[in-house]
Amino acid sequence: MMRVLTFAAAAFALAACATAAPPPYGAASSATSAGYSETQIESTRYFVTFRAPAGADAARLEDYALLRAAELTLASGREWFWVDRRTLDGQNEGRRSGPSLGIGVGGGSGSYGRHSGASVGVGMTFPLGQNNQGVQARGATYEIRFGEGVKPDDANAYDARSTQQAIRSRISSGG
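In structure tokens form, the structure reads like this:
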């Protein structure tokens, strides 16, 4: 029984280490390093990317890309931006993972002299914990353009100031 408990503790510790935390918000030092970067396409149009080369929660990467888009918009003297296209790089779907304990009984047969025997196998798995991870990705890229005039009432149009405040609030609260 002590071996089972030791194994379970080791599995929990390993599962805790396996979840990749997103990198801190900041500029990327190179094209392949973690952080945000932008590429100007036209005077009011950009590709904004946030990368986590080891992978991270896609929703967090998208938040970071939106935050950078809001910062660029405000720095340009504009109040809102429009997202034309969204891309997740290196995306994989959410998967169920986590430690589990398996108990198996093998089977076999044999004979010794005049005696023979047979056995039947039974298997059972007990989930010790469940970690339903969301979608993971290595990067989120948004194609944005700065808006002029009144912001349209559309899901792809973002008020830069309120977007920036909302995302910074989520980041600081750990959510």
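The sequence shown finishes on residue 175 if you use this note's numbering, and the numbering steps up by one all the way, no holes.
We put the beta carbon where it would ideally sit given N, CA and C, even for glycine.
All of these numbers come straight from a predicted model, not from anything done at the bench.
Cβ atoms of residue j and residue i: under 8 Å apart, would you say?
i: L72; j: G139; result: no
i: Y36; j: Y64; result: yes
i: Y25; j: I144; result: no
i: G134; j: D84; result: no
i: A27; j: V48; result: no
Let me check understanding here. Comparing Cα to Cα, which of the options lies closest to residue i?
i: C141; options: D57, R51, I171; result: The amino acid occupying residue 141 in the given sequence is Thr; Cys does not appear at that position. The residue with the shortest Cα to Cα distance from T141 is R51.
i: F81; options: P24, N156, S172, E38; result: N156
i: A166; options: D89, V83, L66; result: L66
i: T32; options: D89, D153, R78; result: D89
i: S162; options: R86, R78, P53, N92; result: R78
i: A137; options: A75, L74, Q91, P53; result: Q91
i: T44; options: D154, E148, P152; result: E148
i: F146; options: G174, S173, Q40; result: Q40
i: G174; options: D159, T87, A59; result: A59
Let me check one thing: in DSSP terms, what residues is residue i bridge-paired to?
i: D57; result: Q136
i: T49; result: S37, T141
i: D159; result: W80
i: T87; result: T141
i: A27; result: Y36
i: E42; result: R45
If I'm right that residue i touches residue j with Cβ under 8 Å, what's the distance once you round it to whole angstroms?
i: A34; j: P53; result: 6 Å
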